[in-house]
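Have a look at the structure below before the remarks.
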Amino acid sequence: MRSLQLVGHTSSRIGSNNVQAPSFITNDPESKTIYIALEDEVGGVRIMASTPDQEDASFVQLALTEGPSGGIISFTYLSDLQAICLGTRNGDIILFHKERFDAGDDPLEIVGSVDTGLEAMTWSPDQDLVILITGEKNVLEMTQDFDTITEFPLHVGDQGQGVQHSVGWGKKETQFHGSEGKQAALRKVDTSKFGSSIDDDKHARVAWRGDGSFFVCSDIDPRKDARVLRIHNREGVLQNTSEPVDQLEHVLDWKPSGNLIVSSQRLPHRHDIVFVERNGLRHGEFTLRESGEHRLIEVSWNADSTVLAIWLETNNQKSVQLWTMNNYHWYMKQHIVLPQKEDIIGFSWDVELPLHAHIVSSDGIYHSFDFIWNVLTSTSTDHENSGYVAVIDGDNALMTPFNYQNVPPPMCSLKVNASQNIQQVTFHPCPNGSRMAAVTNEKLEFFDLPVNGHGNAKSSGSLVLPCLTDIASLPRHITLLNDNQLFYVTYDTIGQCDILCLIDYQQTDENSASSTTTPFEGKVGQVYYNATTKDLVIEGIDGSVWDVQFDDSLSMTPILELPSFCPWIATALVGSTKETVQRVIIGLTERSKLYANDRLLSSEATSFFLRHDWLVFTTTSHTARFLPLDIELDDFKLSDDVPDANDESHRRVERGSKIVLATQSKSNLILQMPRGNLETISPRAFVLASIREDLKSLNYRSAFITCRRNRIDLNILFDENPQQFFDNIQLFITQVPEVDYLNLFLSNLRNEDVTKTMYQHRGALATTHSLDSTSLGNKVNNICDAVRTVLTEADRDQYIQSILSTYVRSSPPDLESALSLLAEIRESNLTKAEEALKYTIFLCKADSLYDIALGMYNFSLVLMVAQQAQMDPREYLPFLQELQNLDKYYQRFKIDDHLKRHDKALRNLVLAGDDRFDELIAYMQKHTLYLTALEEYANKPQQKKVVLDAYGDYLDQTEAYEEAGIVFTMANSLQKALHSYRLAGSWREAFSLAKQMSFSIDDIQALAYQIIGYLKEKRRFQEAATVANDYIKDIEEAVDCLLKGSLWQEASRLSYTYDRSDLIETHVKPALIEGYTQLDEDLEELTAQFNKQTERLKELREKKPEPTQVLPNDDTLDNIDMFSDTTSMFSQFTRYTQASSRVSTVSSRSSRKSSRQRKRDERKRAKGKKGTIYEEEYLVNSLKKLYERANQLQTDIGNLIRAMVPFGYVEEATTSQIKFEAFLKHLQDAIDVIFVPLQLANVQFGSIEEYEEAQKISSTQIEKPVLSTVKWKLQIL
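Counting in this note's numbering, the sequence shown runs from 46 upward without gaps.
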């Protein structure tokens, strides 16, 4: 779908005004120097040169050979020698040395001469070898220094080493011959009658394959009188000989990519370009389209094998045709015919630039042509644009409107036939892009195209362009501006600059053109006209971009300068609002750099296209990227985020895909594959943009159809603007009245905002109407309620399925309401109810519907559900028959119990009567429904007491003794309540009940001893002392309890209060000494633990891991599967974790641990075994607990020393205070050293699992402990 567009043309005079002999062209790619070899009138060869650095681009003569040359056969620039090699037909091989010329010496050197003359001479692609064919038809292979490698005769009887031998397979007799019939299999071809073409120049030819591995020689074999191709390898050994081809001609070239040799065949009824494989067999052809007298001069492939140039003479004028192949069809993309009927006497492709051609004309002018591959289409971004793409093929333009059709090439929707071969196609800037002009070598021909591609193109006029310079030049970049104006660029040979031309014309008058011109300083590389915004911009080859005004006269204003020249440019308006919109120049270089103004968008772009709302481009990484135009210019760039599955700005495409165009009104992107076939895709970016535009204009049907066609989540219809959807829900149902469509919409609803999760957009169309978390959680329910209301009011019978869908899709599903509606419909129309029920069963599980219907106690509805769900009658009929024989409430109890609705079942069992009370109690106990039973029997004291007793027993069983005591008290079961309170340790409630039950003093004291024992077990010593003092008056027991609880001062107070000073000596002081001793031991133990663990932690963190030793391979690693997952970090396995990729692979296979292994690792982690990766974490956590223990000791030691000092233990108290204070200071100083991020992840580990586990540990946040600021010290100490 691409055509060759002429973007650059320069010309300069060589010298002579009339040159008839063929000229040869070569170039130095490093210095950009062009060399031309011409024969003068006496047969000498003039070598001319011109470089771009010269102010005057005319050629200068470098050298002139003496004597007649007999004709030039080869002219090649040798990069290694910095010389030009010239071969003449009389046998001379001449080197022109550039260094000698620069030094002022004689630059010509005759390095050799062949007495018999030379027929052909061709250098290998690497210029290491040269092949000569002498006048005696010998092939001479030489080195770059012209040392002979081998010499052999050209014409031999041998077919070569690679000749094909038939073994009988695929004989002609077995082949299918179509309409020719079986007689064709018996027809024999007499190759002895094959001859040479009358247009053959009778000279030999040589061509090399692109990699220099083979070369082919073409010459007329004297034994056959026909031209034969012989393929040799680099050593000169014959490999293959071509199959006989009648009328094979002299032209010859080998495709640089290596797969085909090209020549020509002149038949009586046609002229073919034929292709031959390396094995000598024919491989296709195509027919030239010349109808008059013509002959071929040469054929030549360009550097990248994409274009075949055919140099021919037609009706006594020499021209060049450029052909290319795609989808197995050959297109004539250009026919270079020089103005004023001048002949092309020299043609050559550039050795490096694939689409750069060099031409010498018979009037002594050198021409340079630069082409690019470009898609010829309208630049209109209007929604009416038909999306026409023109493909030039000779005198036809193959047209396809991709907005309506996708016709695979080489076919097309219609053909535009011009009077001559078409050089360029330009579109009129009308919105629908259905008017065009075909540019031929003589004039412009205007055509009107059918908008939808149905019909034929109609000619609407023609125009002859005026000659604006003394030396006629080819027009290029022809651009239609409006109905009466066009713009183009031409080159002024004399002024050596480009001329900008504005033509005013009348389409109906062929000769009505009037011109306005202005010179352009420099050379124009590209012209772009935006048919929508009416922007005409030109780009110089230096990257400068100019705005062209053409209202009254031509004027230019510089816009910006691109970082480098971009052969493909376009203009776009970028901005989110009218106030911020800016014109942006989009440019793509030949090196895949895509620019927006001077900002680099991508360095891997291969093609791009501008849609009215998007810039889309393909990349060398086989993706299509999308940038919205409705964003601010500062944000007009690719995101740095890694694209995810829901990224609308990123899409994978087939390798090598390039953009043909993107349709403006449809969300289609047409891509062409390298082999030529087309693919139409609907990128998510285009689809979502179309949906957002439809929703903004309240076109819900179009948005819905687009979502359905492109599998877009239908939640977007609501999420783009929730309030707008609720306000226009009636319109939504009116536009989408189909029940199936409504059901599809409802079934896809979910409580998720897809504009935030799946379909985020950064442009102006990005939604700003989002729901809060509460509304989002009720999104489905709110939509279902709103839709149900509208549908019910519209026509309940018509939309019954959709109404049922709203019930089913509610969260949770409201199946009971759905079945109630079905029951209502069943009363009036059984058939409709059954149909609706079938649909409901499709939406949800039949078993659920059956249970809901059963729970509604509607047996007719239950039977209908069972029948429509095709349930087995043996499963449900016996149960239903059993239920029919029961009382109403007991029946409902059985149903609810069956449905496991135990709470409701109990309530129905209550209503069934008091005669079922025992069953109720058993059911209550079975399903723990005590609270429900209490609620039902709140006003029935007798039954309530039974329920409370049962509830109390249950609480006793669950060890909720305190609550059980309360329940028993409510039931007036005081003995049980007392028992429960005693077990709960609720001694106040217990003694209160004892008084209420009139317990004796002995009974109260016995109860008190029981409670004291319980409280002491629970270390509730102060409460135990209170009970001992209040209820058994045992002061000694009370003091003992207080001392066990370290309540020293309270014990002293109680002793003195009751005049028991003897207890001070017998109980208090010994307890103080014991407490002091215990706390001192605890402090010593804590200090020892702290020192030991901090030293180990320091050792772990300071010890440097030993470097991994490179050990010899160990055969035991072959059984690596036998190694344990828990191998320690110092095991044999450790030595090889970095040395063997095989071991790492095996370890990664076992990285998925079982639950048992994980539990085992947790135990290991908790133990913190020395030498494991868990040790550091264990030590830090252990020290943290030590700090917590120190905080607790502050209060304990403070209480102890305050009790010791009054009794004279000042020295002991001072010792304890000093020692503990020093310990706390030591702890405080070590906090910042101990509690830092774990560092064990930096050392070596025994396995991949240990390393991964260590990474998790090292990322754990370590919280620093804080020492309490309790005032525990005594100032007097």
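Idealized CB from N, CA, C, for every residue including glycine.
Proximity below 9 Å, CB of SER467 to CB of ASN441: In the sequence as displayed, the identity of residue 467 is Ile instead of Ser. Yes, they are a contact pair.
CB of GLU84 within 9 Å of CB of GLY116, strictly: yes
Of the residues THR524, CYS457, GLY478 and VAL496, the one placed nearest LEU489, counting alpha carbons only: THR524
Check whether HIS380 and GLY439 have beta carbons under 9 Å apart: yes
Three CB pairs or more closer than 8 Å across the stretch 1255–1275 and the stretch 1121–1136: yes
Beta-bridge pairing of ARG275 - partner residues as DSSP gives them: CYS262 and THR286
Exposed unless 16 or more other CB atoms sit within 10 angstroms - verdict on GLY500: exposed
Backbone CA spacing between SER820 and ASP798 [nearest angstrom]: 11 Å
Residue environment, PHE456, which counts as buried when at least 16 other CB atoms sit within 10 Å: Here residue 456 is Met; the residue named in the question, Phe, does not match the sequence. With fewer than 16 Cβ atoms within 10 Å of its Cβ, MET456 is classed as exposed.
Beta-carbon proximity list for SER1189, same chain, < 6 Å, skipping 5 on both sides: Here the model assigns SER1189 a pLDDT of 39, short of 50, so the residue's position is not dependable and the matter cannot be decided.
Option in GLY60, GLY53, ILE243 and THR96 with minimal Cα separation from THR71: THR96
Other residues of its chain near MET948: CB distance less than 6 Å, five sequence neighbours each side excluded: One point to set straight first is that residue 948 is Asp, not Met, in the sequence displayed. THR977, listed in sequence order.
Where THR195 sits in the DSSP three-state scheme: strand
SER124 versus GLN189, LEU177 and ILE778, residue with shortest Cα-Cα distance: GLN189
Beta strand (DSSP E) runs contained entirely in the stretch 715–778, provided each spans 3 or more residues: 723–726
Bridge-paired residues (DSSP) for TRP613: LEU633
Limits of the unbroken beta strand (DSSP E) element including VAL251: 250–253
Close Cβ partners of TYR30 (< 8 Å) along its chain, the five nearest in sequence each way excluded: There is no way to answer for residue 30, as the model of the chain reaches only from 46 to 1322.
Reference ARG737; option with closest CA among LEU599, ALA271 and ASP675: ASP675
Identity of the residue in ILE539, GLU335 and LEU906 nearest SER862 by Cα: LEU906
Integer-rounded CB distance, given that ASP73 should sit under 8 Å from TYR122: 5 Å
Reference PHE392; option with closest CA among THR424, ASP427 and ILE342: ILE342
VAL405 to PHE141 span [Cα, whole Å]: 21 Å
Euclidean distance between Cα positions of PRO767 and GLY620: 26 Å
CB-CB length for MET46 against PRO454, believed under 8 Å: 6 Å
Where ARG937 falls: helix, strand or coil (DSSP): helix
Three-state class that DSSP yields for ASP1085 in the structure shown: helix
Spatial neighbours of TRP613 in its chain, beta-carbon cut-off 6 Å, leaving aside the 5 residues before and after: LEU633
Residues near HIS667 in its chain [Cβ-Cβ closer than 8 Å; skip 5 each side]: ARG697, VAL698, GLU699, ARG700, GLY701 and SER702
Nearest-angstrom beta carbon gap, VAL661 and ILE630 [assumed within contact, 8 Å]: 17 Å between Cβ atoms; not a contact.
From GLY540, SER818 and THR78, residue whose alpha carbon lies closest to that of HIS403: THR78
Alpha carbon of ALA1267 to alpha carbon of THR1260, nearest angstrom: 11 Å
Among SER747, LEU199 and GLY88, the one whose alpha carbon lies nearest that of LYS711: SER747
Contact check, ALA641 vs THR424, beta carbons under 9 Å: no
N- and C-terminal bounds of the alpha helix (DSSP H) containing SER518: No alpha helix (DSSP H) holds SER518; DSSP gives it neither H nor E.
Same chain, Cβ closer than 8 Å to MET969, five either side skipped, listed in chain order: LEU951, TYR975, THR977, ALA978, VAL992 and ALA995
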